[in-house]
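Numbering (the numbering used here), first residue to last: 590 to 784.
Virtual Cβ for every residue (Gly too), placed ideally from N, Cα, C.
Nothing here was measured: the structure is a model prediction, and the numbers come from that model.
Read the structure below first, then the notes.
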Amino acid sequence: MLYPFSALLARMKYITRWSLMHSIRAESLSEHTCDTALIAHMLCLIARRYTGTPCRPKTVAVAALYHDASEIITGDMPTPVKYRSDTLRDAYKAIEQESARSMAAMLPPELEEEVVPFITGELLTGPERRLLKAADRLSALIKCLEETRSGNHEFDAALRQQREALEGMHCPEADWFMQHCLPCYTQNLDELTRL
């Protein structure tokens, strides 16, 4: 018996994000997923060390690796379309859930029961879900910063929207990250590695 789940996940590299916008450099879903997982892990460490928010860094990081997996089937639905109305948002959520179920069915049953909670995020607590959402937004904010820094004004409004959305989350861990880590994303390799 063959189980195509892992091969399907490997196709994340073919899904291009920001499809309604001109990008200086294309970003794949695979790249975004990795960035989000790394940031989510860092936000959890910040939570444990500085804000006292209870969380499980490894669990959140693994959930982040799967957080957009359904987009392998659905594609990356642009945010302005996805959230245009309650009807569209609810329909897209149903499609995402169905996609997650069909993907999980590509695993042996004993592995499916272990993987599904990561794909759906159902194993996360409320605070952990908030940290993952903040990491997802920070990843998008960083992409917007990179594009605007390269002179692409197509991302000016998206940059403002991502900042406002993050501020509106009232997530102290994301605030800490934006104050102490985000400025470094404008530095080159020599500046980053200077001791």
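Contacts around residue i, its chain only, beta-carbon distance under 6 Å, and the 5 residues preceding and following it disregarded
i	result
Cys733	Phe744, Ala747, Leu748, Gln751
Buried or exposed (CB count within 10 angstroms, at least 16 for buried), residue i
i	result
Tyr774	exposed
Tyr655	buried
Ser739	exposed
Ser595	exposed
Met631	buried
Ala683	exposed
Same chain, Cβ closer than 8 Å to residue i, five either side skipped, listed in chain order
i	result
Met758	Arg719, Lys722, Ala723, Arg726
Residue closest to residue i, alpha-carbon to alpha-carbon, out of the options
i	options	result
Gly643	Ala689, Glu717, Leu627, Ala615	Per the sequence shown, residue 643 should be read as Pro rather than Gly. Looking at the Cα atoms, Glu717 is the closest of the given residues.
Met692	Ile708, Lys682, Asn741, Thr714	Ile708
Arg600	Ile684, Glu660, Ser688, Glu699	Glu660
Glu753	Gly740, Leu730, Ser739, Glu762	Leu730
Pro593	Asp679, Met695, Pro646	Met695
Gly641	His769, Cys760, Glu780, Glu620	Cys760
Leu627	Thr648, His611, Met610, Leu609	Thr648
Pro772	Asn741, Glu735, Glu756, His742	Glu735
Residue i - DSSP class collapsed to helix/strand/coil
i	result
Thr605	strand
Ser739	coil
Ser617	strand
Leu713	coil
Ser595	helix
Pro772	helix
Leu696	coil
Pro643	coil
Cβ-based neighbour list, residue i, same chain, cut-off 7 Å, excluding 5 preceding and 5 following
i	result
Trp765	Ile635, Tyr639
Contact between the segment 657 to 665 and the segment 600 to 613: three or more CB pairs below 8 Å?
Contact between the segment 657 to 665 and the segment 600 to 613 is present: three or more C-beta pairs spanning the two stretches fall below 8 Å.
Cβ contact check for the segment 672 to 689 and the segment 606 to 625: 3 or more pairs under 8 Å
no
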